[in-house]
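> To start, I am sharing the structure in question, which I have written as structure tokens.
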């Protein structure tokens, strides 16, 4: 079965600084990878996804992530964060298969952006 | 489309009572997922349906939990009897079956069992 590890439960950062949120996955077969964001009292919203092709994926709000198969990682980055980026970020994985399979989420990383 | 709609947004109930959470997926989507979110366990997949049929309910914690999808536009998650440890935010998500890889989430139901 697939699994996702987000080692950092919380990442504090100053406004306009760069940030990286780490995600590692485990699976015996090929997977699709996702990053979702959750703002307070909201549901989850898709930031970006890796399905195939270029390993550098760009998403909404200036975020990007790089798929590294050898390190089984899919780290999320942003070169300059804003206060409004304060939220919980979830990495998720699903198996590459016919039809959409269940999404397995990591435990989340809380990004705290301060002035 | 209004997105995935969940009701109620908040529910407070007493231990032992029956609780029913509701979800209306996006029209045309044929996969539906129920998740539970807690501080301790994060996001857990409880059950998912494809074309109204339950595919995997291995995440349902125990027999007190049941889920149904009587038609393509409605699903319920029922807890009977409820216990304080069931307190959590419950999310519903739907996915289009036409090769899509994005799950759309509702805003969740915050359940408090006292």
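Protein chains in written order, with this note's numbering: chain A, 5 to 119; chain B, 5 to 118. Don't be surprised by glycine CBs; every beta carbon is placed ideally from N, CA and C.
Return the first residue and the last residue of the beta strand (DSSP E) that residue 33(B) is part of.
The residue labelled residue 33(B) in the question sits at position 29 within the second chain. Start and end: 33-42.
> What is the DSSP secondary structure of residue 65(A), counted as helix, strand or coil?
Position 61 of the first chain holds residue 65(A). Residue 65(A) falls in the helix class under three-state DSSP.
> Any beta carbon from chain A within less than 9 Å of residue 111(B)'s own beta carbon?
To locate residue 111(B), count along the second chain from 1; it is residue 107. Chain A contact via Cβ: present.
> Smallest Cα separation from residue 83(B): which of 77(B), 45(B) and 71(B)?
Numbered from its first residue, the second chain carries residue 83(B) at position 79. If we check each option's Cα against that of residue 83(B), 71(B) comes out closest.
> Taking C-beta pairs closer than 8 Å, name the residues in chain B that residue 55(A) reaches, listed in chain order.
By 1-based counting over the first chain, the position of residue 55(A) is 51. Near residue 55(A) (Cβ distances below 8 Å), the residues of chain B are 105.
> What is the DSSP secondary structure of residue 88(A), counted as helix, strand or coil?
Locating residue 88(A) in the first chain gives position 84, where the first residue counts as 1. Helix at residue 88(A).
> Should residue 37(B) and residue 97(B) be called a contact, given that it needs their Cβ atoms to be closer than 9 Å?
Your numbering for residue 37(B) matches position 33 in the second chain. Your numbering for residue 97(B) matches position 93 in the second chain. Their beta carbons are under 9 Å apart, which means residue 37(B) touches residue 97(B) by this criterion.
> Considering only DSSP beta bridges, list what residue 97(B) is partnered with.
By one-based count along the second chain, residue 97(B) stands at place 93. Beta-bridge pairing links residue 97(B) to 37(B) and 109(B).
> Can the beta-carbon of residue 29(B) be found closer than 9 Å to that of residue 92(B)?
Position 25 of the second chain, counting from 1, holds the residue named residue 29(B). Position 88 of the second chain, counting from 1, holds the residue named residue 92(B). Their beta carbons are not under 9 Å apart, which means residue 29(B) does not touch residue 92(B) by this criterion.
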